[in-house]
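Written below as structure tokens is the structure these notes are about.
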Amino acid sequence: MGDLVYEGKAKKLFTTKDPNVLLVQYKDDATAFNGEKKEIIEGKGALNNKITSYFFELLAEKSVPSHFLERLSTLEQLVKRVTIVPLEVVVRNVTAGSFAKRLGLQEGRPLPFPIVEFYYKDDSLGDPLILEDHIYALEITSKEVVVEMKEQALKINDILYEHMEQHGIRLVDFKLEFGLDHAGQVLLADEISPDTCRFWDLQSGDKLDKDRFRRNLGNVLEAYQEIEKRLGGQ
Numbered sequence: 248m249g250d251l252v253y254e255g256k257a258k259k260l261f262t263t264k265d266p267n268v269l270l271v272q273y274k275d276d277a278t279a280f281n282g283e284k285k286e287i288i289e290g291k292g293a294l295n296n297k298i299t300s301y302f303f304e305l306l307a308e309k310s311v312p313s314h315f316l317e318r319l320s321t322l323e324q325l326v327k328r329v330t331i332v333p334l335e336v337v338v339r340n341v342t343a344g345s346f347a348k349r350l351g352l353q354e355g356r357p358l359p360f361p362i363v364e365f366y367y368k369d370d371s372l373g374d375p376l377i378l379e380d381h382i383y384a385l386e387i388t389s390k391e392v393v394v395e396m397k398e399q400a401l402k403i404n405d406i407l408y409e410h411m412e413q414h415g416i417r418l419v420d421f422k423l424e425f426g427l428d429h430a431g432q433v434l435l436a437d438e439i440s441p442d443t444c445r446f447w448d449l450q451s452g453d454k455l456d457k458d459r460f461r462r463n464l465g466n467v468l469e470a471y472q473e474i475e476k477r478l479g480g481q
């Protein structure tokens, strides 16, 4: 294993022999509320690695460019090195979480169209909601990159929403991150997993995602295992 490049809440990144390729190692750490709540859930890292690899492979088949190269092992995958754009792109199909709380709405209300929000990636500020004009005024990234990220996010939403419905799951909302490769191409990065998505069972409405940890609902690992099972895991 190479040198540690970055350690986040859920993953570590290491160098490889190729300067344009990094090794991602998933962790069993569960965190919420900007790291205020923490716990180790043994097996979560392996599930997120497997589920993320599944989604990135699915999106590659639909011509969505990403940093993903291959899953190496239970906890590891190879990715292209990118410079992360310091924005979280959130797509919402149903009222839930901070969106419902912020606007005084009951959770579970279908939205008439997918809503795209941007959040400024800064732990010290709590990753605040940010408007597009703020992005340009603060020169966080260019308008071309923002437009590309938004278009890709909506395309990803179309693909995943339909795919998850076929497996009995409602894609309520999800967070994406994007990066720029050495040629300046915008690539989907980070992960797509129950850590970054809200998945509700279509029939029962049961939460099958990180909200089980955030809200002390219990059976966190079992919920992640259910997602893996629905997607064809063993």
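Anchor point for the sequence shown: position 22 equals 269 in the working numbering, and the numbering is continuous, going up by one each time.
Idealized CB from N, CA, C, for every residue including glycine.
Length of the line joining the Cα atoms of D405 and K309 | 11 Å
Just to confirm, are F446 and V467 a CB contact at a threshold of 9 Å?
-> no
Alpha carbon of F303 to alpha carbon of S313, nearest angstrom = 7 Å
Can you tell me whether DSSP reads I331 as helix, strand or coil?
-> strand
Best match in F360, P359 and A343 for proximity to L352 [C-alpha to C-alpha] = A343
What is the residue span of the alpha helix (DSSP H) that T299 lies within?
-> K291 to E308
Between the Cα of A257 and the Cα atoms of T299, N267 and D250, which residue gives the shortest distance?
-> T299
Which same chain residues, not among the five before or five after E286, have their C-beta less than 6 Å away from its C-beta?
-> A277
Using 10 angstroms around the beta-carbon of V271, count the other beta-carbons present and answer buried if the total reaches 16, otherwise exposed.
-> buried
Measuring CB to CB, does V332 end up less than 9 Å from I387?
-> yes
Are the stretch 454-471 and the stretch 432-445 touching, with three or more C-beta to C-beta distances below 8 Å?
-> yes
What whole-angstrom Cβ distance do E475 and L294 have, given they're in contact under 8 Å?
-> 6 Å
Output the distance between the C-alpha atoms of G282 and Y366, rounded to the nearest integer angstrom.
-> 17 Å
Below 7 Å CB to CB, which residues in the same chain sit around D428 once its five sequence neighbours on both sides are set aside?
-> K327, V329 and L434
Cβ-Cβ distance between L449 and G415 below 9 Å | yes
By how many angstroms is the C-alpha of P266 removed from the C-alpha of E354?
-> 45 Å
Check whether the Cβ atoms of K368 and E317 lie closer than 9 Å to each other.
-> no
In chain order, what residues of the same chain have a beta carbon less than 7 Å from the beta carbon of I288, not counting five sequence neighbours either side?
-> D275, A277, V467 and L468
Where the alpha helix (DSSP H) containing W406 begins and where it ends | For the record, residue 406 in the displayed sequence is Ile; it is not Trp. Run containing I406: K390 to Q413, per the alpha helix (DSSP H) assignment.
Report the three-state DSSP secondary structure of F346 (helix, strand or coil).
-> helix
Cut-off 8 Å between Cβ atoms - residues of its own chain near K264, not counting five sequence neighbours on either side | G249
How about L358 and N340: do their beta carbons lie closer than 9 Å?
-> yes
Cβ of E283 versus every heavy atom of the ligand PLP: is any distance shorter than 8 Å?
-> In the structure on display, the ligand PLP does not appear, and there are no ligands present to speak of.
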